[in-house]
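Engineer: Residue numbers (the working numbering): 3 to 303. All C-beta atoms in this analysis are idealised placements derived from N, C-alpha and C, irrespective of residue type, glycine included.
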Ligand SMILES: [Zn+2]
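1. In this structure, how does DSSP classify residue 64 when only helix, strand and coil are distinguished?
2. Out of 174, 230, 235, state which residue places its alpha-carbon closest to the alpha-carbon of residue 130.
3. Going straight from the alpha carbon of residue 158 to that of residue 77, what length do you get?
4. Kindly indicate which residue of 185, 216, 262 has the alpha-carbon position closest to the one of residue 208.
5. According to DSSP, is residue 165 part of a helix, a strand, or is it coil?
6. For my contact list, residue 227 and residue 260 are in at a C-beta cut-off of 8 Å; report their separation, rounded to the angstrom.
7. Ignore the nearest five residues each way along the sequence and tell me which others in residue 86's own chain have a CB closer than 7 Å to its CB.
8. Report yes if the C-beta of residue 146 is less than 7 Å from at least one heavy atom of ligand 1; otherwise report no.
9. Can you give me the C-alpha to C-alpha distance between residue 193 and residue 200, rounded to a whole angstrom?
10. Does the distance from the C-beta atom of residue 176 to that of residue 109 stay below 8 Å?
11. Alpha carbon to alpha carbon, what distance is there between residue 92 and residue 126?
12. With DSSP run on the structure shown, which of helix, strand or coil describes residue 287?
13. What is the DSSP secondary structure of residue 310, counted as helix, strand or coil?
14. Report the rounded CA-to-CA distance for residue 168 versus residue 137, giving the unit in angstroms.
15. For residue 2, which residues of its own chain have a beta-carbon under 7 Å away from its beta-carbon, when the five flanking residues on both sides are left out?
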């Protein structure tokens, strides 16, 4: 737990504030006076150690996981338990899952290119808005097609704890490994809205988990760092398509070259042992469920 747990600025909070570092939970627990106080604290001139942080869970979808995924990453599904532990932490202001969300005729599918082989063939995509901008990419077996089982988030994930789901890759003309959108810059094409979402919530730091380390996780992380977010990849909560030592070292280097910090995370959830009363608190929040959170917010908008 960060120092905000003992911050004197929180002394007057109408309840066990130190367990509630997220505005959504403050609404649920205390209504809008609680949120005003939360914001006054969060944006005070001399901020405490707590930094508004978002958890980004990248592409934890059936097609990227065994046993039936068309593009299964080894050990992918097994990440669910550890990711749920992190997802359970009140520390995050936003808890966002991304989905690869392709039409059936997406440009990244080898089946769309006569003679191409998945995993080995590459294809150079030209920006539909600017013939000067190009992106050479690997071709894949069809995966994460909208409306299919393969496109769904894995059932092991505590989806109800998410605050948002961001879809990417809907534009059949371009590839989008990054959760932020395709790599084209002049102009940007078919961006996902993730950057706006983070900025609207005053996010300063992102922690990234999910699949796959050497593609969507890496590109999301590099984009996040370029956008100015302090960016961590939680290395024990991600898996790569190519898990060879050489590739892992190369990915590690590429991340750090772009200012991304690879970290190992403790996945032990906070318990009553650490903070008396927190088990009861989470039981109450859990009983209210996500619907209650949404109702509470919409009443006041
Ligand atoms: Zn894809």
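Structural biologist: From the atom records:
1. On the chain shown, position 62 is the one that residue 64 refers to. Note: residue 64 maps to helix in three-state DSSP.
2. Start at 1 with the first residue of the chain shown, and residue 130 comes out as number 128. Of the listed residues, the one whose Cα sits closest to residue 130 is 174.
3. Position 156 of the chain shown, counted from the first residue, corresponds to residue 158. Position 75 of the chain shown, counted from the first residue, corresponds to residue 77. Inter-residue distance for residue 158 and residue 77 is about 13 Å (C-alpha atoms, whole angstroms).
4. Stepping through the chain shown from its first residue, residue 208 is reached at position 206. Of 185, 216, 262, the residue nearest in Cα terms is 262.
5. Start at 1 with the first residue of the chain shown, and residue 165 comes out as number 163. In this structure, residue 165 counts as coil in the three-state DSSP scheme.
6. To locate residue 227, count along the chain shown from 1; it is residue 225. To locate residue 260, count along the chain shown from 1; it is residue 258. In this structure residue 227 is in contact with residue 260, their Cβ atoms being roughly 5 Å apart against a cut-off of 8 Å.
7. Translated into the one-based positions of the chain shown, residue 86 becomes position 84. Excluding sequence neighbours, residue 86 sits near 159, 160.
8. Counting from 1 along the chain shown, the entry for residue 146 is found at position 144. Of the heavy atoms belonging to ligand 1, at least one sits nearer than 7 Å to the Cβ of residue 146.
9. Position 191 of the chain shown, counting from 1, holds the residue named residue 193. Position 198 of the chain shown, counting from 1, holds the residue named residue 200. Distance from the CA atom of residue 193 to the CA atom of residue 200, rounded to whole angstroms, is 14 Å.
10. What you label residue 176 is simply residue 174 of the chain shown in a count that begins at 1. What you label residue 109 is simply residue 107 of the chain shown in a count that begins at 1. The answer is yes: Cβ separation under 8 Å.
11. For the purposes of this step, residue 126 is taken as residue 124 along the chain shown, with counting starting at 1. For the purposes of this step, residue 92 is taken as residue 90 along the chain shown, with counting starting at 1. Taking the straight line from one Cα to the other gives about 43 Å.
12. As a position in the chain shown, residue 287 is number 285, starting the count at 1. Confidence at residue 287 is low in this model, with a pLDDT of 43, below 50, so the placement of that residue is unreliable and no value is reported for it.
13. The structure shown has nothing for residue 310, since the chain only spans 3 to 303.
14. Counting from 1 along the chain shown, the entry for residue 168 is found at position 166. Counting from 1 along the chain shown, the entry for residue 137 is found at position 135. Approximately 23 Å, taken between the alpha carbons.
15. Here the chain comprises residues numbered 3 to 303, so residue 2 is not present and cannot be evaluated.
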